[in-house]
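Just so you know, we're using the working numbering here: the sequence shown kicks off at 1129 and counts up by one.
C-beta: ideal position from N, C-alpha, C; glycine also.
Presented below is the structure to which this report refers.
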Amino acid sequence: MNYRRLGRSGLKVSELSFGSWVTYGNQLGLDAARECMAAAWDRGVNFFDNAEVYARGESETLMGEILRKLAWPRLRYVVSTKFYWGITDGPNEKNTLNRKYLLNAIDGSLARLQLDYVDLVYCHRPDPQTPIDETVWAMHDIIERGKALYWGTSEWSAAEIMAAWQIAERHHLRKPVMEQPEYNLFHRNRVEVEYQRLYEEIGLGLTTWSPLASGLLTGKYKDGIPADSRGAIQRMSFLVAGLTDKAKNAAVAQLGDVAKELGCTTAQLALAWCLRNPHVSTVITGASRVSQVEENLKAADIVPKLTPAILERIDGIVAGLGD
Ligand SMILES: NC(=O)c1ccc[n+]([C@@H]2O[C@H](COP(=O)([O-])OP(=O)(O)OC[C@H]3O[C@@H](n4cnc5c(N)ncnc54)[C@H](OP(=O)(O)O)[C@@H]3O)[C@@H](O)[C@H]2O)c1
């Protein structure tokens, strides 16, 4: 496993990491989730991604229980959480980044995770109703109170990230160090174009999500929706149109041919493609079983095989199909 710096910060994260969205508390109970986390850890993963809203807190509860049972040294692993949607109803409890919600939410997450602090805390989406300086001050205070070490954003525009950074600079507050955007072969514009200046100017790190476009980039949806897949989960029906898109599945089949030539699976090719971008600090993977963890974490071996000629071929295959 290789470790990369989280942007300009000194923190090192495994270039492939492991997240719990959809899976923990929905597809996976305690034992299966523990086996996946342990398999990832055994292969060098040191960053485990979570969020308050995943399974309405249940994902944090499971991860907390697993961390307690596995008893890894706290210095060796990095855990995150994210806030915005909230898990209870009320004007200051959901869809907000206001000070009251954020300072309350961190305590709930720490209790569920059974931790004294999280390493990374994210604003899970931008909140147009709360002044950015109120959010920046709240994130600064969470860090000053020792409840998190670094803060960042998820799916904020370049302008919003820059505004937050400048407020922090002006008031000598803790600055946002990382952003968590979607990044995969069908969704690349934000990372490759919109954020371009931020890497140099503010040293932004990236912890990217859905590297397999929820499984589409494994090739498993070419003949419809497998019964044991994310696409078959009722709550995830909003993904079905994308997962069964004919043109995208035809492109994935062609990517499968490239993968075969390189001696890897389509999933490994898609993950390696994310890893080849030096602005990516870590690619957050997801898995519903240990065999997927094992397959996915071998993707780093494929990166050296992505020559300029292969990358050009891949670009040709996905041209016009993404954002
Ligand atoms: N910040 C945000 O807004 C945000 C949003 C989404 C995700 N995230 C984070 O990013 C993490 C990863 O996102 P993601 O889960 O969407 O990643 P993904 O890699 O796009 O999809 C993972 C899913 O694909 C299937 N899969 C994975 N490896 C496979 C393989 N080798 N063969 C066949 N199927 C395979 C599994 O689902 P099935 O087996 O059930 O089909 C797995 O749960 C999340 O856990 C979360 O921590 C963040």
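- Arg1298 counts as exposed, since fewer than 16 other C-beta atoms from the protein chains shown sit within 10 angstroms of its C-beta.
- DSSP, reduced to helix, strand and coil, places Ile1361 outside both helices and strands of the structure shown, so it counts as coil.
- By alpha-carbon distance to Thr1410, the top candidate from Gln1420, Thr1336 and Thr1393 is Thr1336.
- Take the alpha-carbon of His1407 and the one of Leu1230: they are about 28 Å apart.
- Rounded to whole angstroms, Ile1295 and Arg1273 show a C-alpha spacing of 20 Å.
- Taking 8 Å as the upper bound for CB-CB distance, Thr1224 and Thr1258 are in contact here, some 6 Å apart.
- Nearest neighbour of Gly1448 by Cα position, chosen from Lys1376, Lys1222 and Phe1366, turns out to be Lys1376.
- Residue side-chain check: Glu1422 keeps its Cβ at 6 Å or more from all non-hydrogen atoms of ligand 1.
- In the DSSP assignment, Phe1176 is bridged to Phe1146 and Val1207.
- In this structure, ligand 1 has no non-hydrogen atom nearer than 6 Å to the beta-carbon of Lys1426.
- Residue state for Leu1248 is assigned as strand, using DSSP reduced to three classes.
- Classified as buried, Asp1247 has 16 or more neighbouring CB atoms from the shown chains inside 10 Å of its CB.
- Residue state for Arg1196 is assigned as helix, using DSSP reduced to three classes.
- Counting along the chain, Pro1304 sits inside the beta strand (DSSP E) bounded by residues Pro1304 to Glu1307.
- Counting along the chain, Trp1401 sits inside the alpha helix (DSSP H) bounded by residues Thr1394 to Leu1403.
- The C-alpha of Gly1450 lies about 32 Å from the C-alpha of Ala1167.
- In this structure Pro1309 does not touch Leu1326 by the C-beta definition: roughly 11 Å separates them, more than the 8 Å allowed.
- The DSSP-derived three-state label of Tyr1327 is helix.
- Each of Ala1292, Asn1405 and Ala1428 was checked against the Cα of Val1321, and the nearest Cα belongs to Asn1405.
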